[in-house]
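For the sequence shown, numbering that gives the first Met the number 0 begins at 0 and goes up steadily by one.
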Amino acid sequence: MASAAAATASSASSSLPPMDKFRGAVVEDMQLPPAFALPTSEAISRAIELAYERDFSHIPVLDKDRRPLGYLDVAQLKAKWEAGQANPDDKVLEYMTKFKRSTSEPYTLITPSTPLSELEQFLEHNIFALVTDYNRKFVLAVATPTDLQTFVTRRGLL
Numbered sequence: 000m001a002s003a004a005a006a007t008a009s010s011a012s013s014s015l016p017p018m019d020k021f022r023g024a025v026v027e028d029m030q031l032p033p034a035f036a037l038p039t040s041e042a043i044s045r046a047i048e049l050a051y052e053r054d055f056s057h058i059p060v061l062d063k064d065r066r067p068l069g070y071l072d073v074a075q076l077k078a079k080w081e082a083g084q085a086n087p088d089d090k091v092l093e094y095m096t097k098f099k100r101s102t103s104e105p106y107t108l109i110t111p112s113t114p115l116s117e118l119e120q121f122l123e124h125n126i127f128a129l130v131t132d133y134n135r136k137f138v139l140a141v142a143t144p145t146d147l148q149t150f151v152t153r154r155g156l157l
């Protein structure tokens, strides 16, 4: 009788979903600083200055309708500037990495209510995530693997 009960308990536990190491936390729980984004016409000197003031490594670049077009990799841009390959008055449009938008690479919506387990999966293949509102009209924050690791460490979720 005991072995039948153990077998039943074993089969019941195997049908349960795996334990969420983030304990149900969502992106909003990370308390990310508000994002700032740049228009395509912003000078790279200003972009670098703003990035260092806010300690951001990647800055979203928006079109005139405030839709994300791409991003600036601040370290890469600074290296080009220091090597004399970029003029301080050049526009960010010339140095941004464009987002790939196609049917083969669908847009992944990351919002404040996205579970951290989903964010973690996204960040396994991307260097950062833009956190947007549900309608993708506003960039609210930028989440990086470092941000996620800091949250895990701070909360003792290891």
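Each residue gets a CB set at the ideal place from its N, CA and C atoms; glycine is no exception.
Thinking just about the alpha-carbon of each residue, which of the options is nearest to the one in residue i?
i	options	result
ARG27	THR110, LEU92, GLU48 and GLU81	One detail in the question is off: residue 27 reads as Glu in this sequence, not Arg. Closest option to GLU27, Cα to Cα, is THR110.
VAL25	THR149, ASP132, ASP19 and SER112	SER112
SER178	ARG22, PHE21, LEU68 and PHE55	Coverage of the chain is limited to positions 0 through 157, which leaves residue 178 absent and any answer about it impossible.
PHE150	ALA36, SER116, LYS99 and LEU129	SER116
LEU76	LYS99, ALA50 and SER101	ALA50
PHE98	PHE55, ASP72 and LEU118	ASP72
Could you give the distance in angstroms between the alpha-carbon of residue i and the alpha-carbon of residue j?
i	j	result
GLU93	TYR70	11 Å
PHE137	GLU52	22 Å
GLU48	ILE126	21 Å
ALA74	VAL91	14 Å
ASP146	LEU31	8 Å
PRO38	ARG65	8 Å
ARG135	THR143	19 Å
THR96	ALA42	16 Å
MET29	GLN120	16 Å
ALA34	VAL141	6 Å
GLN84	LYS20	45 Å
LEU129	LEU139	8 Å
GLN148	PHE55	16 Å
ARG22	LYS79	42 Å
LEU118	HIS124	10 Å
THR152	ALA36	28 Å
SER101	LEU122	19 Å
Using the beta-carbon count (16 or more within 10 Å), is residue i buried or exposed?
i	result
LEU156	exposed
PRO87	exposed
THR131	buried
ALA46	buried
At a Cβ threshold of 9 Å, is residue i touching chain D?
i	result
PRO59	Chain labels in this structure do not include chain D; a single protein chain is all it has.
Any chance the stretch 51-66 sits against the stretch 99-107, with 3 or more Cβ pairs inside 8 Å?
-> With the cut-off at 8 Å, the stretch 51-66 and the stretch 99-107 do not touch.
Uninterrupted beta strand (DSSP E) stretches inside the stretch 20-95 (no shorter than 3 residues) = For secondary structure counted as the beta strand (DSSP E) over 3 or more consecutive residues, the stretch 20-95 holds these complete runs in sequence order: 57-61 and 67-72.
For the stretch 87-152, which segments carrying the beta strand (DSSP E) assignment without a break, of at least 3 residues, lie completely within its bounds, in sequence order?
-> Correct list: 128-131 and 138-142.
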